């Protein structure tokens with residue numbers, strides 16, 4: 178790294194001791210502050226409307242009352258998608274073609290989520306025997322959508338605690354609190370939700386009770402308890418009239434999640450605020466029970482002094498998997514995993530004014546430890562040692578960050594510097610012999626030769642800078658540059674399909690440089706009183722060095738490592754699927770558009786994204802010949818969502834339509850590793866039609882809201898993009914000449930009807 182350049186960034190940041198507001202500086206309840214501390218003209222702005230006042234690739238959405246799935250809500254944001262894995266029961270946020278812990282920092286109430294789920298074999302079969310499929314794995318968040326009040330996403334600009342170990346950006350899912358249940362003029366409140374859907378969606382319901390009371394001289398005390406549950410079937414009717422039960426992927430995929438949430442708020446005075454929260458989630462899917470427990474403490478001290486705005490956030494998260502008695506992971510039995518993480522973030526914001534300058538300086542530090550453990554019973558020791566099920570290890574990530582926003586008249590200069598110290602620890606077994614080979618594997622680069630505890634450490638400085646100009650309501654340009662880093666995950670370093678022979682203690686962190694340019698527009702009272710028009714355009718270029726992906730390695734009898742499966746002198750069946758760093762930088766580029774218009778009677782929302790990437794595929798991602806450890810993540814060539822609607826009867830009745838467009842998309846070849854390839858290949862999905870949903874809400878009074886929706890109105894038969902089960906063994910066969918014949922039968926739901934209601938007292 179060029180530290181002379183870094184020193185200039187430090188000087189630039191410290192110039193902010195002159196004194197900034199807005200944007201990305203606040204930690205703790207960062208997203209709420211970003212979206213709420215904005216000027217409001219006319220009617221109060223919605224969560225999404227407020228993002229048009231924030232420079233950069235920032236998107237947000239409020240509470241979902243359109244009866245859309247959580248995946249659909251996220252996919253409706255520009256530059257943002259999800260990787261769907263029906264065997265997991267989680268949501269996996271994808272930002273600009275990347276997903277997973279470290280590439281996207283996905284948080285719940287500002288707490289990073291680390292769950293790495295692995296489903297069992299589809300029907301206790303090994304690999305794709307009898308048309309079944311082996312285990313598949315994915316990072317994801319266990320969360321009940323009934324508890325969510327909003328989602329915010331920041332793409333390509335990393336600052337502060339939320340930008341630590343967040344290569345491509347971060348997302349934050351916010352849950353309900355006391356004030357979402359109790360009306361402002363009341364001390365006790367109740368909030369209930371009920372939804373029912375046909376075509377396998379089933380029913381789900383939530384009940385929350387809360388109380389809030391003024392206390393002390395100028396403070397308050399409040400508490401909330403909520404419970405939610407539902408049931409969803411994997412068998413549904415598709416657009417062509419057939420049922421998904423005819424496909425192999427429906428095994429073990431019915432879900433009955435249960436979740437609870439408790440919060441306690443204490444404000445001894447206007448200067449102090451304490452929040453305690455606990456959340457639990459459990460589900461049964463993919464041949465195992467999954468459980469999530471999360472606890473956090475948030476303390477905020479905000480006296481009259483402009484030099485002090487102090488926030489502390491401490492959290493503990495426990496994610497567990499307990500596999501069913503008849504469930505196997507390949508040939509492993511009686512398995513269970515435990516993932517525990519501890520998180521602490523402390524920061525302070527100082528605001529200073531000097532002549533026409535205003536500076537907002539944030540200084541903070543965070544630390545996170547993340548441990549993965551497992552237990553399982555193998556057929557024998559080799560079977561256990563050579564099965565890459567939930568590699569064991571520990572990550573520790575320390576950070577110090579400094580952010581300054583310097584505002585002068587209509588200009589804002591946002592500068593930041595983050596120091597990250599990341600460590601990965603784990604056990605590497607001794608190098609094994611290669612049978613009749615002339616060389617032992619220890620002579621072929623396996624290091625250390627004996628069993629040892631490994632430690633990979635990396636330190637980095639991550640500068641960022643953004644300049645924005647509030648020229649006028651129609652044109653507010655911005656330009657930014659940011660560096661970010663991701664330390665390797667234990668699942669990559671200690672991948673063990675060939676025991677120690679496939680582990681890589683030399684794996685380097687990924688490093689990204691992101692350039693963004695764009696502008697915002699926001700204007701009120703254009704055509705009618707209190708209407709609103711917002712527009713955001715962002716173009717970006719992203720270069721990633723040391724991109725981590727898995728590749729196949731074989732060995733010849735002379736002891737040479739090769740990647741050619743057709744080599745005539747291969748030794749035995751040795752096949753190490755090892756994670757390595759790409760030799761050449763990975764390049765992303767694209768554009769993102771957000772448009773919103775809202776008036777008393779009409780509204781329209783448009784998001785559109787187009788991107789191009791050069792991501793290599795992971796050889797270990799195949800469910801057939803690989804190990805299903807990750808999924809194809811690059812986005813459709815382009816995609817967008819258009820919402821149109823109107824309000825009637827003094828805004829009590831809302832009727833809307835949602836048009837979902839998905840461009841050219843791909844899947845991994847379902848037959849897995851090709852003999853003449855270095856890794857897996859991909860193939861195009863059939864053209865995905867525009868999917869139309871209708872929805873309506875009617876507010877009887879301030880206490881009762883009725884909801885209805887028709888999804889996939891035209892009953893189209895299509896294969897959804899980025900669904901991991903698009904590539905199972907059921908999607909490939911052979912003809913009489915032993916040529917591969919591919920099918921695309923992993924179709925999404927056909928026409929589905931939903932009804933729901935919300936009651937709040």
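Residue numbers (our numbering): 178 to 938. For glycine and all other residues, C-beta sits at the position ideal for the given N, C-alpha and C. Because the structure is a prediction, the values reported are computed rather than measured.
Three-way DSSP call (helix, strand, coil) for residue i in this model
i, result
"residue 581", "strand"
"residue 355", "helix"
"residue 906", "helix"
"residue 340", "helix"
"residue 700", "strand"
"residue 224", "helix"
"residue 207", "At residue 207 the pLDDT is 40, less than 50, meaning the model places this residue with poor confidence and gives no usable figure here."
"residue 897", "coil"
"residue 417", "coil"
"residue 891", "coil"
"residue 229", "helix"
"residue 394", "coil"
"residue 563", "coil"
"residue 841", "coil"
"residue 422", "helix"
"residue 324", "helix"
Reference residue i, options the options, closest by Cα
i, options, result
"residue 463", "240, 655, 475, 315", "315"
"residue 648", "697, 625, 680, 289", "697"
"residue 694", "764, 717, 774, 268", "717"
"residue 326", "261, 241, 865", "241"
"residue 431", "469, 456, 376, 455", "376"
"residue 669", "709, 549, 713", "549"
"residue 389", "221, 373, 360, 539", "360"
"residue 596", "507, 541, 356, 566", "541"
"residue 436", "442, 414, 420, 470", "470"
"residue 379", "929, 442, 349", "929"
"residue 278", "572, 404, 415, 467", "572"
"residue 418", "894, 530, 898, 931", "894"
"residue 713", "765, 774, 686, 671", "774"
"residue 938", "349, 356, 903, 458", "356"
"residue 665", "685, 887, 679", "685"
"residue 527", "480, 546, 860", "480"
Buried versus exposed, by CB contacts within 10 Å (16 or more), residue i
i, result
"residue 657", "buried"
"residue 845", "buried"
"residue 703", "exposed"
"residue 408", "exposed"
"residue 636", "exposed"
"residue 394", "exposed"
"residue 221", "exposed"
"residue 651", "exposed"
"residue 880", "exposed"
"residue 749", "exposed"
"residue 347", "buried"
Close beta carbons around residue i, own chain, < 6 Å, minus the five adjacent residues each side
i, result
"residue 940", "No statement about residue 940 is possible, as the shown extent of the chain runs from 178 to 938 and does not include it."
"residue 382", "371"
"residue 757", "728"
"residue 392", "398"
"residue 444", "396, 397, 450"
"residue 797", "727, 754, 803, 804, 806"
"residue 645", "232, 589, 655"
"residue 521", "491, 544"
"residue 631", "603, 605, 682"
"residue 560", "508"
Close-in-space but distant-in-sequence residues of the same chain around residue i (CB under 7 Å, 5 per side omitted)
i, result
"residue 854", "Low confidence applies here, because residue 854 scores a pLDDT of 47, under 50, leaving its location unreliable; read the following figure in that light. None."
"residue 831", "822, 824, 873, 874"
Same chain only: Cβ atoms within 8 Å of residue i, ignoring 5 sequence neighbours per side
i, result
"residue 814", "787, 788, 789, 840, 841, 842"
"residue 918", "909, 910, 911, 912"
"residue 858", "794, 845, 846, 851"
"residue 288", "471, 473, 490, 492, 494, 520"
Residue-chain proximity (residue i, chain B), Cβ-Cβ < 8 Å
i, result
"residue 768", "In the structure shown, chain B cannot be found, because there is only a single protein chain."
Complete beta strand (DSSP E) runs within the segment 713-773 (minimum length 3 residues, chain order)
Listed in chain order, they are 725-732, 753-758.
Entirely enclosed beta strand (DSSP E) segments - the segment 235-322, minimum 3 residues
Runs of the beta strand (DSSP E) lying entirely within the segment 235-322 and spanning at least 3 residues, in chain order: 235-238, 257-259, 270-272, 282-285, 293-295, 314-316.
Completely contained alpha helix (DSSP H) runs for the segment 611-693, where each covers 4 or more residues:
Those alpha helix (DSSP H) runs which fall completely within the segment 611-693 and span 4+ residues are 667-670.
In chain order, what are the residue ranges of uninterrupted beta strand (DSSP E) at least 3 long that sit wholly in the segment 776-822?
779-790
Suppose only complete runs of 3+ residues qualify. What are the beta strand (DSSP E) ranges in the segment 427-507, listed by chain order?
DSSP runs (the beta strand (DSSP E)) wholly in the segment 427-507: 435-446, 449-462, 465-478, 487-500.
Could you tell me which whole beta strand (DSSP E) segments of length 3 or greater appear in the segment 586-610?
588-605
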